[in-house]
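Residue numbers (the working numbering): 95 to 323.
We put the CB at the ideal spot given by N, CA and C, even for glycine.
Predicted model only: the values in this text are computed from it and were never measured.
Here the structure is laid out as structure tokens; the discussion comes afterwards.
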């Protein structure tokens, strides 16, 4: 009987091998990735029940992987890192990690934390999360942070992406002006609603067939915005 699937992300072969042996022996399915790009692809394709992630990856920082995952999924993420300093732990937890285990680690402790993470996830994780969201001829890849329209990649600025990502993650639901401003620009910008008008106009020009009559990026006057499929 399977206890769930674990995505192990680490570029140290001996650690990957030890985790694969120990997890498999305890009934877990194991998927491995040796860098951040492979990890994001594997997460989107296999939908693991928990991710065990090293921060020191060859192609990107582990916190970037956490951010990429958090763009579309609430899967539990346990960081496994040689970085023992408190600021590194804080950054990882702020980025969206659920737990932090410092190398070298005890296998029993890691397995106990993993079991706890899977239990919490089975209670709280919503169904139906997808890394790739399609709306008409627009495809939004929340894991890779890329947008295509009619098959062609669309370049978005970091801020444009921040606005679109928040709306797509909450698709079908109203996102208030204050929430958008707070999460994309910061708490000090909650009153700067003109920022939203500018950036929504830019996004509509890039993504809507008729920017003046949007189908996907909708305005709720005086309240906020909504992304519809």
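Considering residue i, what are the terminal residues of the beta strand (DSSP E) in which it resides?
i	result
residue 240	240-243
residue 127	122-127
So, are the CB atoms of residue i and residue j less than 8 Å apart?
i	j	result
residue 314	residue 261	no
residue 100	residue 124	yes
residue 239	residue 165	yes
residue 98	residue 184	no
residue 284	residue 275	yes
residue 200	residue 310	no
residue 149	residue 169	no
residue 129	residue 147	no
residue 162	residue 237	yes
residue 103	residue 133	yes
residue 318	residue 270	yes
residue 195	residue 204	yes
residue 197	residue 210	no
residue 293	residue 257	yes
For residue i, does the three-state DSSP call read helix, strand or coil?
i	result
residue 268	coil
residue 253	helix
residue 312	strand
residue 101	strand
residue 277	helix
residue 162	helix
residue 304	coil
residue 246	strand
residue 200	coil
residue 237	coil
residue 259	helix
residue 285	coil
So is residue i buried or exposed if we call it buried at 16+ other beta carbons inside 10 Å?
i	result
residue 178	exposed
residue 153	exposed
residue 323	exposed
residue 140	exposed
residue 217	Residue placement at residue 217 is flagged as unreliable, the pLDDT there being 49, under the threshold of 50; the coordinate-derived value follows with that caveat. Looking at its Cβ environment, which holds fewer than 16 other Cβ atoms inside 10 Å, residue 217 is exposed.
residue 202	exposed
residue 247	exposed
residue 121	exposed
residue 142	buried
residue 259	buried
residue 251	exposed
Tell me the residue span of the alpha helix (DSSP H) that contains residue i.
i	result
residue 116	107-119
residue 182	180-189
residue 320	That residue, residue 320, is in no alpha helix (DSSP H); its beta strand (DSSP E) goes 318-321.
residue 139	130-140
Based on the DSSP output, what are the partners of residue i in its beta bridges?
i	result
residue 229	232
residue 171	145
residue 194	173
residue 150	155
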